[in-house]
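At position 58 of the sequence shown the residue is numbered 58 (this note's numbering), and the sequence of numbers has no breaks. All C-beta atoms in this analysis are idealised placements derived from N, C-alpha and C, irrespective of residue type, glycine included. Computed from a predicted model, the values in this text were never measured in an experiment.
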Amino acid sequence: MSFAQACTTDDIQRIAQAHGEAAKRAIEAGFDAVEVHLGHNYLASSFLSPRINHRTDAYGGSLENRARFSREILRAVRDAVGDRIAIIAKMNMDDGVPGGFWLDEAIPVTQWLEADGTLDALEMTAGSSLLNPMYLFKGDAPLEEFAAVMPQPIKLGVKLVGKRLLHSYPYRDGYLLEDTRQIRAAVKLPMILLGGITDRPMMDTAMAEGFEFVAMARALLREPDLVNRIAADASTPSLCNHCNKCMPTNFTGTRCVLVDRTSTRQATWGKPEGYVG
């Protein structure tokens, strides 16, 4: 049984052009930048992955062919918006699965993207939403919480085989830095570091390593004002404990479950050891 059919070349061109149209709408809505997602084994990333892409036409086989769709998407976006808005690409450097896209292929692809002149900045990521979603997030896999929000029979499947599908990985601050250094050394594009950026020391490390920007996500779900608080006091710790229980809330309204939403105060559980405040 197949749940999907292969894109035709007409589909590919239509989808690339649709990215350009979406970027134009972002300009009309007042945005200063758009990010084109080439990661996590979503559509463009699935073309890049030798594990997933089994095509035998101009979009499959060699790395150059597998990268063609991503390059065409970015060309369509650049052609649609010119220099009216900044264009960022978020691209995998490691699918986190055997036989997947990895650094040895990510490096030349980023160099091609740079040479194409379609990007203003580059953000490297990792993991496969299809095959290994926890590889990006690190930390514990919230199996009970995932099961709770899923309909049957998916709920039963998560309970029975969830540990085999949702692996846990040790968390450490700046956990994508080591691999991303190799991309940083290969291109001159401005780069954004993500993955475990929660405090001023890690931000300073990123700047010292040659990154122009950092990206934050889970920490801002816990504390939307964290950046302002760090700016006011560089010793400010993040309250995010990387429990990943925010992930299943994507299906019900993305939020930090450790925040008491019935009041304006932060919930007191889950604060880092030694936190005073």
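Whole angstroms are fine: how far does the CA of residue j sit from the CA of residue i?
{"i": "residue 125", "j": "residue 58", "result": "26 Å"}
{"i": "residue 33", "j": "residue 190", "result": "14 Å"}
{"i": "residue 28", "j": "residue 93", "result": "32 Å"}
{"i": "residue 10", "j": "residue 16", "result": "10 Å"}
{"i": "residue 180", "j": "residue 122", "result": "11 Å"}
{"i": "residue 216", "j": "residue 40", "result": "17 Å"}
{"i": "residue 84", "j": "residue 143", "result": "43 Å"}
{"i": "residue 293", "j": "residue 249", "result": "The structure shown does not extend to residue 293, since the chain is modelled only from 1 to 277, so the question has no answer here."}
{"i": "residue 129", "j": "residue 230", "result": "31 Å"}
{"i": "residue 220", "j": "residue 44", "result": "27 Å"}
{"i": "residue 276", "j": "residue 139", "result": "Here the model assigns residue 276 a pLDDT of 37, short of 50, so the residue's position is not dependable and the matter cannot be decided."}
Candidates the options: which alpha carbon is nearest residue i's?
{"i": "residue 213", "options": "197, 16, 220", "result": "197"}
{"i": "residue 80", "options": "156, 18, 249, 131", "result": "18"}
{"i": "residue 131", "options": "109, 100, 139, 227", "result": "100"}
{"i": "residue 127", "options": "38, 226, 188, 203", "result": "38"}
{"i": "residue 224", "options": "234, 206, 136, 255", "result": "255"}
{"i": "residue 232", "options": "199, 110, 242, 244", "result": "199"}
If residue i sits next to residue j, beta carbons under 8 Å apart, how far is it from one beta carbon to the other, in whole angstroms?
{"i": "residue 166", "j": "residue 141", "result": "4 Å"}
{"i": "residue 63", "j": "residue 105", "result": "5 Å"}
{"i": "residue 116", "j": "residue 88", "result": "Between residue 88 and residue 116 the Cβ distance is about 14 Å, and since that is not below 8 Å, they are no contact."}
{"i": "residue 134", "j": "residue 168", "result": "6 Å"}
Does DSSP put residue i in a helix, a strand or coil?
{"i": "residue 119", "result": "coil"}
{"i": "residue 150", "result": "coil"}
{"i": "residue 162", "result": "helix"}
{"i": "residue 19", "result": "helix"}
{"i": "residue 157", "result": "helix"}
{"i": "residue 52", "result": "coil"}
{"i": "residue 77", "result": "helix"}
Can we say the stretch 134 to 153 touches the stretch 55 to 72, given the rule of at least three CB pairs closer than 8 Å?
no
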